[in-house]
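Peer 1:
Number of protein chains: 2
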Amino acid sequence: MAATLNQEKLKSFIRDIPDFPKKGILFKDITPLLKDPEAFHTAVALLAERFSDSGVEQVVGIESRGFIFAAAVAYELKAGFIPVRKKGKLPSVTERISYQLEYGEDTLEIHQDSIEKGMRLLLIDDLLATGGTASAVCQLVKKMGGIVAGIGFLVELSFLQGRDKLKGFEPHALITF
Amino acid sequence: MAATLNQEKLKSFIRDIPDFPKKGILFKDITPLLKDPEAFHTAVALLAERFSDSGVEQVVGIESRGFIFAAAVAYELKAGFIPVRKKGKLPSVTERISYQLEYGEDTLEIHQDSIEKGMRLLLIDDLLATGGTASAVCQLVKKMGGIVAGIGFLVELSFLQGRDKLKGFEPHALITF
Numbered sequence: 001m002a003a004t005l006n007q008e009k010l011k012s013f014i015r016d017i018p019d020f021p022k023k024g025i026l027f028k029d030i031t032p033l034l035k036d037p038e039a040f041h042t043a044v045a046l047l048a049e050r051f052s053d054s055g056v057e058q059v060v061g062i063e064s065r066g067f068i069f070a071a072a073v074a075y076e077l078k079a080g081f082i083p084v085r086k087k088g089k090l091p092s093v094t095e096r097i098s099y100q101l102e103y104g105e106d107t108l109e110i111h112q113d114s115i116e117k118g119m120r121l122l123l124i125d126d127l128l129a130t131g132g133t134a135s136a137v138c139q140l141v142k143k144m145g146g147i148v149a150g151i152g153f154l155v156e157l158s159f160l161q162g163r164d165k166l167k168g169f170e171p172h173a174l175i176t177f
Numbered sequence: 178m179a180a181t182l183n184q185e186k187l188k189s190f191i192r193d194i195p196d197f198p199k200k201g202i203l204f205k206d207i208t209p210l211l212k213d214p215e216a217f218h219t220a221v222a223l224l225a226e227r228f229s230d231s232g233v234e235q236v237v238g239i240e241s242r243g244f245i246f247a248a249a250v251a252y253e254l255k256a257g258f259i260p261v262r263k264k265g266k267l268p269s270v271t272e273r274i275s276y277q278l279e280y281g282e283d284t285l286e287i288h289q290d291s292i293e294k295g296m297r298l299l300l301i302d303d304l305l306a307t308g309g310t311a312s313a314v315c316q317l318v319k320k321m322g323g324i325v326a327g328i329g330f331l332v333e334l335s336f337l338q339g340r341d342k343l344k345g346f347e348p349h350a351l352i353t354f
């Protein structure tokens, strides 16, 4: 119940920015939530709490906005942090995955030595939109022998049905539009 | 004393990657430290502890690797988090600053409404190299009326003398090479 009240309050810190990044898109801006010390702390604590019994060893964060919540949740859970980055940014040997965007495709990389067989990982990102990015990262983690022990988002845009791409993972979102 | 021992141990988690991002550069890779739960937790806690008496209201993080430590330190200090991003990434009205790189220049942006006059800000980044980026962000914050209450880095490459560009701010680094 307390969590529900908190989640309603958190929602009020997300603001709409029309026509960003391009005309016709209503962007959900999380920076007012980040800037409010209580809202930011509550959001991180609630995300971490949701997965505190999941035996999480590592939290995976996706460049770049995804690093914000993933790193803070990793700290709260006393887990490690594994960055997933855009092509060419990680310095050592990587595994990579390419996935479709609305127009064209994108490639993400993770260090080959970051995931050990049977390791339990939590994926934390700020936004679940179409689910393409999160789904690609889950595939990558599984291909490397890791176990996706949970997926958490700050915001879910449910009308984009990204949840359908993450079947079997039961993603958790703090705020839903 | 405990802190010093911890810092020596932390240093052992930074690995050298030769010829990254280009030939002749010995890259300091922090991902082994991020991945070790105890090392990551200790590093964030030590950075936060150093500034716990500085009256920090907001922690400023620089895209994208800088988000990792800045967000976790913000969480530990119960402060807000303000992202500094590359050009065109922030959705609302921004202030921007351009600064020189070794070759060419780069531009960073911050939301205009993120900083209030007299607000006390802590800049946290993973690496102090030449100091160009941190110095540009400090100028931007001051121009907007904010007070740089502290600057903290995970790693300082002291032979690049970035500290000289941050005179008056007394930057703190956990690990020095």
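Protein chains in written order, with this note's numbering: chain A, 1 to 177; chain B, 178 to 354.
We treat Cβ as the ideally placed atom computed from N, Cα and C, and that holds for glycine.
1. What is the rounded straight-line gap between the Cα of L128/A and the Cα of A79/A?
2. Let me know the alpha helix (DSSP H) ranges lying completely inside the segment 236-283 of chain B, each 4 residues or longer, listed in chain order.
3. Nearest-angstrom Cα distance between V59/A and F51/A?
4. L196/A by DSSP, collapsed to three states: which one?
5. Expressed to the nearest angstrom, what Euclidean distance is found between the alpha-carbon atoms of A350/B and K142/A?
6. Once DSSP output is grouped into helix, strand and coil, what is the label at D164/A?
7. Would you report the Cα separation of S241/B and A311/B, rounded to the nearest angstrom?
8. Select from the segment 203-219 of chain B all residues with a C-beta closer than 7 Å to any C-beta belonging to chain A, and list them in chain order.
9. I'd like to know whether the C-beta atoms of Q178/A and G131/A end up nearer to each other than 8 Å.
10. I175/A versus chain B: which residues are under 7 Å apart at the beta carbon?
11. Take L299/B as the anchor and find which of S231/B, F197/B, L211/B, K199/B has the nearest alpha-carbon.
12. DSSP three-state call for M1/A: helix, strand or coil?
13. I need the straight-line Cα distance from I82/A to P209/B, nearest angstrom please.
14. Reducing DSSP to helix, strand and coil, say where P195/B ends up.
15. So is Y199/A buried or exposed if we call it buried at 16+ other beta carbons inside 10 Å?
16. Please name the residue or residues paired with F27/A in a DSSP beta bridge.
17. I292/B and G329/B - do their beta-carbons sit closer together than 8 Å?
18. Here's a check: name, in chain order, each residue in its chain whose Cβ is nearer than 8 Å to the Cβ of D126/A, leaving out the five neighbours to either side.
19. How would you list, in chain order, the residues of chain A whose beta-carbon sits under 8 Å from the beta-carbon of E240/B?
20. Give me the Cβ distance between I14/A and I175/A, rounded to the nearest whole Å; I'm assuming they're in contact under 8 Å.
21. Under 8 Å by Cβ, that's how I've got T107/A and R120/A pegged, so tell me the actual separation to the nearest angstrom.
22. Spatial neighbours of T219/B within its chain, please: C-beta separation below 7 Å, excluding the five flanking residues on both sides.
23. Please return the same chain residues whose Cβ sits closer than 6 Å to the Cβ of L157/A, not counting the five positions on each side in sequence.
24. I'd like to know whether the C-beta atoms of P268/B and F20/A end up nearer to each other than 8 Å.
25. List the residues that DSSP assigns as beta-bridge partners of I147/A.
26. Would you list, in chain order, the members of the segment 109-124 of chain A that have their beta-carbon closer than 9 Å to a beta-carbon of chain B?
27. List, in order along the chain, the chain B residues whose C-beta lies closer than 7 Å to that of V44/A?
28. Pick helix, strand or coil for E226/B, following the three-state DSSP scheme.
Peer 2: Checking against the coordinates, here is how it stands:
1. 22 Å
2. 243-254
3. 11 Å
4. The displayed coordinates of chain A run from 1 to 177. Any statement about residue 196/A would go beyond what the structure contains.
5. 36 Å
6. helix
7. 13 Å
8. F204, D206, T208, L211, K212, D213, P214, F217, H218
9. Because chain A here runs from 1 to 177, residue 178/A falls outside it and cannot be looked at.
10. Those do not exist, as I175/A stays about 17 Å from chain B at its closest Cβ, beyond 7 Å.
11. S231/B
12. Here the model assigns M1/A a pLDDT of 44, short of 50, so the residue's position is not dependable, and the following value carries that caveat. Residue state, collapsed to three classes: coil.
13. 9 Å
14. strand
15. Absent from the structure is residue 199/A, since the part of chain A shown begins at 1 and ends at 177.
16. I17/A
17. no
18. I30, R65, G66, I68, F69, F153, L154, V155
19. S64
20. 6 Å
21. Incorrect: roughly 26 Å between the Cβ atoms, too far for contact.
22. N183, L187
23. A129, F177
24. yes
25. R120/A
26. H111, D113, S114
27. Y252
28. helix
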